[in-house]
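Let me begin by presenting the structure, written as structure tokens, before commenting on it.
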Amino acid sequence: MSDKSFARMWNDLIDHDTTGQILTAYIAKEQLRHLLAAARDNADTHEVRARLYAFYTWCADADLPELTRLATTIEAWWPAILAFIDTGITNARTEGLNRLVKQVKRVACGFRNTENSRRRIRFHCTRTQRASIQQFHC
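21 is the number that numbering that gives the first Met the number 0 gives to position 22 of the sequence shown; each next residue is one higher, with no gaps.
This is the structure in structure tokens:
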């Protein structure tokens, strides 16, 4: 965002957000981005902790339930977030497959044959693998 666009956005928020909640949430988001950027760039541990403390303090002082919940969520997940930043390893694929399994079960409307249910789940979970190895013959 250019400086001019940022100034325009900032001034619009100040002028039109009478409660200041949107601006407060925006600042919290930017502090979190700043914190994650420092952690990703292998900044000093003390600097990361200082930014994390500043983020928590901002969220607590804002007295907005949404920011309190965000800070609580970040606090609960911080070890996992830090592990991802350090290793680059995530469980996103597993979470995605779990979501897909739940969706297939919901659409199945109570399959009684468990083997057919397993086959249906395997079919949906391996769709992209099958598509990449499938050859078309004309």
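For every residue, glycine included, the Cβ atom is placed at its ideal position computed from N, Cα and C.
Sequence-distant residues of the same chain with beta carbon closer than 6 Å to residue i, five excluded per side
i	result
Ala70	Tyr55 and Cys58
Phe110	Ser116
Ala27	Trp57, Cys58 and Leu66
Ala61	Thr23
Sub-8 Å separation of residue i and residue j beta-carbons
i	j	result
Leu51	Thr23	no
Ile120	Val106	no
Val47	Ala37	yes
Gln30	Ala53	yes
Where residue i falls: helix, strand or coil (DSSP)
i	result
Met8	helix
Asn115	helix
Thr93	helix
Ile13	helix
Asp85	helix
Asp62	coil
Residues near residue i by beta carbon distance below 7 Å, same chain, minus five either side
i	result
His123	Leu99 and Val103
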